[in-house]
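Take the sequence shown: its letter number 44 is residue 44 in UniProt numbering, and every next letter is one higher.
In what follows, a structure is listed as structure tokens, so that the remarks can point back to it.
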Amino acid sequence: MDALRRTLRLVMERSPLYRERFATLPAFVREGLRRGLWPRVAEDLTLIPFTDPAELAGEGWRRLLCVSQDKVARMVTLHTSGTTGGRSAVKRLAFSEDDLARTGEFFAVGMGVLARPGDTVLILLPGAERPGGVADVLIRALARLGGGPAQGEPVCRGVAGEPRADPAGFSAELRRWRPACLVAAPSQIRRLLDSAEVSRLAGYGEGSYTGLRAVLASSEPLPPDLRDAVTFAWRCEVFDHYGLTESAYGGGVECVAHDGLHWREADLWLEIVDPASGCPMPEGECGEIVITTLTREALPLVRYRTGDVAAVLPGPCRCGSPLRRLGRVVGRLVSDENGGRRVATPEKGNAHERDADAYS
């Protein structure tokens with residue numbers, strides 16, 4: 001709760017957008033924010049308006065920036081498809097070196113569940129060639145796994161593969177790098193599954209190479225049928241990860257219990273709300289994922305509506321961790337022509353609307 005109070009006080013002092021927005025709050029709330037004493041309890045946060053993705057469009061990001069521009073280490077421009085007429089929307093986000101370093105720490109902990117010292121991890125996600133890109137942050141994080149020569153223990157090595165996920169090229173990468181683990185988007189994995197050559201190498205190896213031991217699916221929702229197909233064809237364990245650029249790439253990751261995604265609670269405040277009313281949803285019931293950054297330096301976000309739909313799972317994980325768990329992301333909210341919102345579900349790498357799940 002202290003981290004949440006610090007974030008709200010920070011954005012009220014430094015962000016023009018949040019300063020204006022918070023000026024309309026009741027006087028006792030504004031005073032509590034200034035003194036770092038509010039919110040008192042989690043439920044108080046519902047008095048704060050949501051931040052909409054549209055507020056990051058164009059030059060809107062400048063009104064959320066809380067540092068001077070010379071402290072911005074990485075700018076990301078997101079091109080997203082329009083939900084009704086196919087129009088393209090552009091969002092921009094800024095990260096400092098410290099923001100990216102904290103994501104690296106989260107990646108190192110999460111990858112420690114499936115990767116071991118001395119492993120090679122093949123990464124098909126983009127951004128390896130750009131400092132601060134998601135693959136670059138992950139490669140640097142993997143180097144933290146293992147004590148290194150000073151402790152007589154090999155480190156974990158991350159290598160960048162071709163994001164196009166061409167089966168012939170991927171087979172060559174398996175032979176070249178001999179990875180124990182793969183990190184890729186579900187759409188990339190699905191393209192590779194149809195190749196008998198890939199399945200032979202990934203599942204059974206070649207010569208002294210024993211094939212893949214684990215796969216981390218990231219950047220997109222992981223459909224259950226794809227998880228099952230990879231487990232069967234490649235004979236390896238599949239882990240799911242949830243994250244988006246607005247969360248500085250990381251959000252939640254599965255443990256060996258495969259009983260939900262352990263949330264990144266040190267850096268992100270998580271809410272699940274009813275998409276229509278904005279009211280909190282009880283544990284176990286699906287709603288829209290809303291995040292508030294707790295340690296973001298450059299461009300903090302308060303009650304940011306992600307558009308993704310999932311539930312917080314009730315009770316503790318079987319692994320014993322006290323962290324809250326996010327259930328599988330079941331889809332994404334899209335607008336229809338009547339002003340309502342529907343859930344688009346991932347199916348074979350694409351989004352298909354389910355008319356039965358509508359919000360208005």
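We put the beta carbon where it would ideally sit given N, CA and C, even for glycine.
Here the structure is a predicted model, which is why all the values come from computation and not from measurement.
In the three-state reduction of the DSSP assignment, M75 falls in the strand class.
When secondary structure is reduced to three states using DSSP, E173 falls in the helix class.
Between L10 and D99, the alpha-carbon positions lie close to 15 Å from each other.
Y204 has no beta-bridge partner at all, per DSSP.
L301 sits close to T292, with the two beta carbons spaced by under 8 Å. The alpha-carbon separation between G133 and G127 amounts to approximately 4 Å. By the beta-carbon neighbour count (other beta carbons within 10 angstroms, threshold 16), Y249 is buried. The beta carbon of Y209 sits closer than 6 Å to those of R178, all from its chain and outside the five residues before and after it, given in chain order. The C-alpha of C255 lies about 7 Å from the C-alpha of L261.
Around A94, the same chain offers W61, L65, V72, M75, A298 and L299 as residues with beta carbons nearer than 7 Å, after the five sequence neighbours per side are excluded. Judged by their CB atoms, V215 and V198 are not nearer to each other than the 8 Å cut-off. When secondary structure is reduced to three states using DSSP, L37 falls in the coil class, being assigned neither helix nor strand. Taking 8 Å as the cut-off, the beta carbon of F22 is found no closer than this to the beta carbon of L4. The alpha-carbon separation between D119 and R140 amounts to approximately 14 Å. In this chain, the beta strand (DSSP E) harbouring E288 covers G287 to T293. By the Cβ criterion, the region 181 to 188 is in contact with the region 216 to 234, since at least three pairs of Cβ atoms, one from each stretch, lie closer than 8 Å. Distances from the CA of S247 to each of V273, R35 and L268 were compared; the closest alpha carbon is that of L268.
The DSSP-derived three-state label of Y249 is coil.
Between L333 and E285, the CB-CB gap reaches or exceeds 8 Å.
Contact annotation, R341 with D52: C-beta distance approximately 13 Å; criterion of less than 8 Å not satisfied. Between R324 and E265, the beta carbon gap of about 7 Å places them in contact (Cβ cut-off 8 Å). Take the alpha-carbon of V230 and the one of Y204: they are about 13 Å apart.
Taken through DSSP and simplified to helix, strand or coil, S199 comes out as helix.
In the structure shown, L25 falls within a coil segment according to DSSP collapsed to helix, strand and coil.
Note on the region 299 to 336: whole beta strand (DSSP E) runs with a minimum of 3 residues are 304 to 310 and 331 to 335, in chain order. Separation of M12 and V253 (C-alpha to C-alpha, rounded to the nearest whole angstrom) is 31 Å. F28 is the residue among F28, E59, E55 and G36 whose C-alpha sits nearest the C-alpha of L47. Runs of the alpha helix (DSSP H) lying entirely within the region 210 to 280, each at least 4 residues long, are 224 to 234 in chain order.
Classified as buried, A165 has 16 or more neighbouring CB atoms from the shown chains inside 10 Å of its CB. The beta-bridge partner set that DSSP reports for F95 consists of R74. Counting C-beta atoms within 10 angstroms of its own C-beta, D308 has 16 or more neighbours from the protein chains shown and is therefore classed as buried. DSSP, read as helix, strand or coil, puts G112 in coil. Distance from the CA atom of S171 to the CA atom of V113, rounded to whole angstroms, is 25 Å.
With distances taken between CA atoms, P163 lies nearest to S187 out of F50, P280, Y242 and S187. Assigned with DSSP and collapsed to three states, V90 falls in strand.
When secondary structure is reduced to three states using DSSP, A101 falls in the helix class.
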